[in-house]
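Undergrad:
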């Protein structure tokens, strides 16, 4: 075979065919240009015998220049083709110097003179490289004043290096639907879900390749890296120093691979009116589940026990009052936001409707809550690691908002449901789009009795096990009816989804300290204190000492939450922008803002005598997410260059007006150690430093970096790509 | 909603005051008295156009929220395209021309001037002896709203202040945040293409030019005012240049269509002997 190839090559050289040769693969109906230099690889060898045949055919045709009889036409064609070949062979340099456009213009002519049809096809059959187009998705400024500014800077810098950028603004629901559910995006700018400093295990859900085929917050980037998977598994199993090492290595690997670029950890800014409630947390996000529960009523003189809400304890049917009027006078916490999702959807597992899950976190209790590094039992009274793979959880006496008791089978149901919301009703499991990392820890759950549940957990350390207990517990009697495939008007579509995931969860039934009252979609929503919740269900003060520890319904819960929340009602109103939200607080129409504030609204807080700016560092880092499934974003080197186009310092100073901290590692706000190799230092990113040229983008350096990793530019400086 | 009501009250007060002044100055007391006496006949005469505009306004009010969802889910996502088309034009407008005085002027024009600009023509044209122009202006309004609603649904896009907040200041809302309470009641931030502020203002301006003979004093007021509204939409960072261009097209199209749909007919007071009258006079030709 090799010898045949060599012979064919020699023949070609002798015959003076130059470097290119045309071979008819008649079976395929295609023509390929076949370079016949013997040093090249496999395809040549495969095509060589055919080349030889072709040569012979040509030679025989040439032997009889005018042909005989019926074959005359074929022969002349062959001859023509031969002379054409000679010509082109001799004029290689000339044809190369002709621009592609000119060549294409002559396509019709060339095709007409059938002689060089094959060659024309060879050129025209190649797809021209086109300028690379990338789409950046972000929410409009009204929804989030900061994210769009990050997107704008990235857009400018990507354009500067020669990429065609489409900056697309979509609403918050649509952004997450596009990114998390449909995974139909190139890049997006968004905020991480958790606002409280989170455990490194949060990265398990975010980046583990086992979730690559699922939709939701589990691996939205589509990262498939064995090194990352291994480290994620290691940090789950290891404890102590071993775990720290694994977490360090994990941070380094994730930063190196950049499935997403951490931009900055924002200071969660909130304008508050302190005349009615105080105790806004200053060190963390003020508007969080624990932050809201820690609030104190300024006017309260020790009435926090919950006597004022007893009229609403009837359950089931809510008394509809004029909510707005009641809230202005009563002990209502009035919040304003630009995010209207909470007014129409209360589904704790709907990824596209939840921002940080603050309010659903108040509707649904988890077994365990965390406040900073501190874990304390919440719906559980305690948990015990029986052995490596078994965890026993005992439940507190509690009731759902509809009066049903919370039982161990609800907990067992919840864990089974989070793993597969269809509970086997749909062919493939349909896991929840939120809490996936945590639910993957619990492999089985079984109620031992009314108030004890036994969880089978993977071989994980204590921290990860406790984290797995921080999922919202759902009532079996409500959600077990939503396990069927989702339908529209009775028709089942092949969406691989269940009713549970697409339900708006109207009239949510949770067990949390707040319960739903009413809502007007797009305008407002009202919650009220749950008078049956264990936080307010204290034994009367006088016989507390008699009943002893065991009878305390709040055992194990830090005393700062006892008798909370401090408000009877919580009313959230939707306003068009951060500016109007701040104005509303400044005018005393609201107590606090929920959604993010931009640089234009912050100075307004100072102008009002009664309003105050409260800020706490949020762990919900802003990031640029890449769709690693798509070329060229699938190339970690390419992502690394994009990461270097982000001027984090300028974003912190400009977009956030200084109310943020630039970072490299997603764990920069967590208590986990951030190794020096990925710690933001001296205003520069240690892994992917910005192409800085005195404060602006060094375009030449960025292009050079792209060239070095194999990308090409055309004469006009556009970055070229193929196959998109 | 207090900010909303306070803004609404001040808009109504401004518009009523300006209407009174303009009515006296442009229409004249004699004609106004005449209008008052023949008001019922004239409205009856133009009943079809009045019905059409009412129907469109009601449909718009009722249909907008559900159509907004349709637009969000199925509409053409055009923000990136428009932004790619014109880039930082609006940012340039702001960077080049913005001064506190101009901001105050354009903010006023965008809210109060625009409301007056829309309210005056129906009054003025109702005061004309023939109701043709009155019907035409109402039909043109209806066309603007109707076609505008269809385009709002078909095209989903955010305005420059939402896309380039680093370069385009939402001047209207930073200077008069209360106004946002009003504008958000009547519109949402994803309804930018086309600019209905532009199209309705230009419609009024076009009518002012076409009816220059009847109201010579109105033309020099309406044209600069309508052009001010056009500039204001971009100056305030609310609309793209593309929206404005589409607004012009919609305005001219609506006016042309209104002229075609409502043909001149004899004066209601004159018996049926008008030269071009070949249809019963009680039948306005507001139909196609």
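Protein chains in written order, with the numbering used here: chain C, 675 to 1398; chain V, 623 to 910.
Every residue gets a Cβ at the ideal spot worked out from N, C-alpha and C, and that includes glycine.
Would the C-beta of residue 730 of chain V count as close to the ligand SAM, meaning under 8 Å from any of its heavy atoms?
TA: This structure does not include the ligand SAM; it has no bound ligands of any sort.
Undergrad: Evaluate contact between the region 927 to 936 of chain C and the region 1300 to 1320 of chain C, counting only Cβ atoms and requiring at least three cross-stretch pairs below 8 Å.
TA: yes
Undergrad: Strictly under 9 Å for the Cβ-Cβ distance: is residue 774 of chain V near chain C by that measure?
TA: Position 152 of the second chain, counting from 1, holds the residue named residue 774 of chain V. Cβ-Cβ to chain C under 9 Å: no for residue 774 of chain V.
Undergrad: What residues from chain C crowd round residue 706 of chain V, counting only those whose CB sits closer than 9 Å?
TA: Indexing the second chain from 1 puts residue 706 of chain V at position 84. What residue 706 of chain V touches in chain C: 838, 839, 840, 841.
Undergrad: Taking just the CA atoms, how far does residue 1243 of chain C sit from residue 998 of chain C?
TA: Mapped onto the first chain, residue 998 of chain C falls at position 324. Mapped onto the first chain, residue 1243 of chain C falls at position 569. Because residue 998 of chain C sits at a pLDDT of 48, beneath the cut-off of 50, its placement in the model cannot be relied upon, and the point is left open.
Undergrad: Rounding to the nearest angstrom, what Cα-Cα distance links residue 1136 of chain C and residue 1118 of chain C in this structure?
TA: Here the question's residue 1136 of chain C lines up with position 462 in the first chain. Here the question's residue 1118 of chain C lines up with position 444 in the first chain. Approximately 17 Å, taken between the alpha carbons.
Undergrad: Using a Cβ cut-off of 9 Å (strictly closer), state whether residue 811 of chain V contacts chain C.
TA: Here residue 811 of chain V is taken as the residue at index 189 of the second chain, counted from 1. Yes, residue 811 of chain V lies at the interface with chain C (some Cβ there is under 9 Å from its Cβ).
Undergrad: Go through its chain and collect everything with a Cβ distance to residue 1183 of chain C's Cβ below 6 Å, but skip five positions before and after it.
TA: Taking the first residue of the first chain as 1, we reach residue 1183 of chain C at position 509. Around residue 1183 of chain C: 1074, 1075, 1076, 1149, 1152.
Undergrad: Residues of chain V with CB closer than 7 Å to the CB of residue 815 of chain C, please, in chain order.
TA: As a first step, residue 815 of chain C is located in the first chain; it is residue number 141 there, counting from the start. Result: 783, 784, 787.
Undergrad: Counting only Cβ-Cβ distances shorter than 9 Å, please list the residues of the region 1029 to 1044 of chain C near chain V, keeping chain order.
TA: Taking 9 Å as the Cβ-Cβ cut-off against chain V, none of the residues of the region 1029 to 1044 of chain C qualify.
Undergrad: So what does DSSP say about residue 1228 of chain C, is it helix, strand or coil?
TA: Indexing the first chain from 1 puts residue 1228 of chain C at position 554. Note: residue 1228 of chain C maps to coil in three-state DSSP.
Undergrad: For residue 1297 of chain C, write down the residues that DSSP places opposite it in a beta bridge.
TA: As a first step, residue 1297 of chain C must be located in the first chain, where it is residue number 623. C:864, C:936.
Undergrad: Report the option in C:918, C:954, C:1203, C:802 whose CA atom is closest to the CA atom of residue 1006 of chain C.
TA: Here residue 1006 of chain C corresponds to residue number 332 of the first chain, with the count starting at 1. For residue 1006 of chain C, the closest alpha carbon among the candidates C:918, C:954, C:1203, C:802 is that of C:1203.
Undergrad: How would you write the range of the beta strand (DSSP E) that residue 1185 of chain C sits in, first residue to last?
TA: Indexing the first chain from 1 puts residue 1185 of chain C at position 511. First-last for residue 1185 of chain C: undefined, no H or E at that position.
Undergrad: Can a CB atom of chain V be found closer than 9 Å to the CB of residue 1359 of chain C?
TA: Residue numbering aside, residue 1359 of chain C sits at position 685 when the first chain is read from its first letter. Chain V, which has no Cβ nearer than 9 Å to the Cβ of residue 1359 of chain C, makes this no.
Undergrad: DSSP three-state label for residue 1088 of chain C, please.
TA: As a first step, residue 1088 of chain C is located in the first chain; it is residue number 414 there, counting from the start. Three-state DSSP puts residue 1088 of chain C in a helix.
Undergrad: Looking at the C-beta of residue 861 of chain V, does it have a partner C-beta in chain C at a distance below 9 Å?
TA: If you number the second chain from 1, residue 861 of chain V lands on position 239. Output row for residue 861 of chain V: interface = no.
Undergrad: Quick one, are the C-beta atoms of residue 1011 of chain C and residue 1248 of chain C less than 9 Å apart?
TA: Locating residue 1011 of chain C in the first chain gives position 337, where the first residue counts as 1. Locating residue 1248 of chain C in the first chain gives position 574, where the first residue counts as 1. Against a cut-off of 9 Å, the Cβ pair of residue 1248 of chain C and residue 1011 of chain C comes out as a contact.
Undergrad: Which first and last residues belong to the beta strand (DSSP E) in which residue 660 of chain V is found?
TA: For the purposes of this step, residue 660 of chain V is taken as the residue at position 38 of the second chain. Segment 651 to 667 is the alpha helix (DSSP H) holding residue 660 of chain V; no beta strand (DSSP E) there.
Undergrad: In terms of residues, what are the limits of the alpha helix (DSSP H) holding residue 1049 of chain C?
TA: As a position in the first chain, residue 1049 of chain C is number 375, starting the count at 1. Residue 1049 of chain C -> not in any alpha helix (DSSP H); beta strand (DSSP E) instead, spanning 1048 to 1051.
Undergrad: Reducing DSSP to helix, strand and coil, say where residue 589 of chain V ends up.
TA: This structure gives no information on residue 589 of chain V, because the portion of chain V shown stretches from 623 to 910.
Undergrad: In chain order, what residues of the same chain lie with their CB nearer than 8 Å to the CB of residue 824 of chain V, ignoring the 5 residues before and after it?
TA: Working through the second chain from its first residue, we reach residue 824 of chain V at position 202. Within the same chain, and ignoring the five residues on either side of residue 824 of chain V in sequence, the residues whose Cβ sits closer than 8 Å to its Cβ are 848, 852, 869, 870, 873, 874.
Undergrad: Using the beta-carbon of each residue, which ones in chain B are nearer than 9 Å to residue 1329 of chain C?
TA: Here the protein chains are C and V, and chain B is not one of them.
Undergrad: Would you report the Cα separation of residue 777 of chain V and residue 703 of chain V, rounded to the nearest angstrom?
TA: By 1-based counting over the second chain, the position of residue 777 of chain V is 155. By 1-based counting over the second chain, the position of residue 703 of chain V is 81. When rounded, the distance between both Cα atoms is 11 Å.
Undergrad: Counting only C-beta atoms, is residue 717 of chain V closer than 9 Å to chain C at any point?
TA: As a working note, residue 717 of chain V is residue 95 in the second chain. It does not; no Cβ of chain C falls within 9 Å.
Undergrad: My parser needs the alpha helix (DSSP H) runs of 4 or more residues fully inside the region 692 to 766 of chain V; what are they?
TA: For the region 692 to 766 of chain V, whole alpha helix (DSSP H) runs of length 4 or above, ordered along the chain, are 701 to 708, 711 to 719, 722 to 730, 736 to 748.
Undergrad: Using the Cα positions of residue 1104 of chain C and residue 815 of chain V, report the straight-line distance between them to the nearest angstrom.
TA: The sequence position of residue 1104 of chain C within the first chain is 430, counting from 1. The sequence position of residue 815 of chain V within the second chain is 193, counting from 1. Distance between the alpha carbons of residue 1104 of chain C and residue 815 of chain V: 39 Å.
Undergrad: Between residue 958 of chain C and chain V, is the shortest Cβ-Cβ distance under 9 Å, so that the two count as touching?
TA: In the first chain, the residue the question calls residue 958 of chain C occupies position 284. With 9 Å as the cut-off, residue 958 of chain C does not count as an interface residue toward chain V.
Undergrad: Among residues of its own chain, excluding the 5 on either side of residue 674 of chain V, which ones have a beta-carbon nearer than 8 Å to its beta-carbon?
TA: Position 52 of the second chain, counted from the start, is the residue given in the question as residue 674 of chain V. For residue 674 of chain V, where only same-chain residues beyond five positions count, the Cβ hits under 8 Å are 760, 761, 764, 908.
Undergrad: What is the rounded straight-line gap between the Cα of residue 696 of chain V and the Cα of residue 816 of chain C?
TA: Counting from 1 along the second chain, the entry for residue 696 of chain V is found at position 74. Counting from 1 along the first chain, the entry for residue 816 of chain C is found at position 142. The straight-line gap from Cα to Cα measures roughly 21 Å.
Undergrad: Take residue 1188 of chain C and list the residues in its own chain whose beta-carbon comes closer than 8 Å to its own, dropping the five residues that flank it on each side.
TA: Counting from one through the first chain, the residue named residue 1188 of chain C turns up at place 514. 1033, 1036, 1037, 1201, 1202, 1203, 1204, 1239, 1244, listed in sequence order.
Undergrad: Whole angstroms is fine: what's the gap from residue 633 of chain V's alpha carbon to residue 639 of chain V's?
TA: On the second chain, residue 633 of chain V is found 11 positions in, with the first residue counted as 1. On the second chain, residue 639 of chain V is found 17 positions in, with the first residue counted as 1. Using only the alpha carbons, I get a separation of about 10 Å.
Undergrad: Which word fits residue 827 of chain V, buried or exposed, when buried means at least 16 other C-beta atoms lie within 10 angstroms of its C-beta?
TA: Within the second chain, the letter at position 205 stands for residue 827 of chain V. Buried, because 16 or more other Cβ atoms sit within 10 Å of the Cβ of residue 827 of chain V.
Undergrad: Can you tell me the Cα-Cα spacing of residue 1378 of chain C and residue 1304 of chain C, whole angstroms?
TA: Position 704 of the first chain, counting from 1, holds the residue named residue 1378 of chain C. Position 630 of the first chain, counting from 1, holds the residue named residue 1304 of chain C. The straight-line gap separating the alpha-carbon atoms of residue 1378 of chain C and residue 1304 of chain C is approximately 23 Å.
Undergrad: Could one say the Cβ of residue 1386 of chain C lies closer than 9 Å to chain V's Cβ atoms, at least one of them?
TA: Counting from 1 along the first chain, the entry for residue 1386 of chain C is found at position 712. Residue 1386 of chain C does not count as touching chain V.
Undergrad: Tell me which same chain residues have a C-beta within less than 8 Å of the C-beta of residue 1309 of chain C, skipping the five on either side of it?
TA: As a first step, residue 1309 of chain C must be located in the first chain, where it is residue number 635. So the list reads 1383, once near-sequence residues are dropped.
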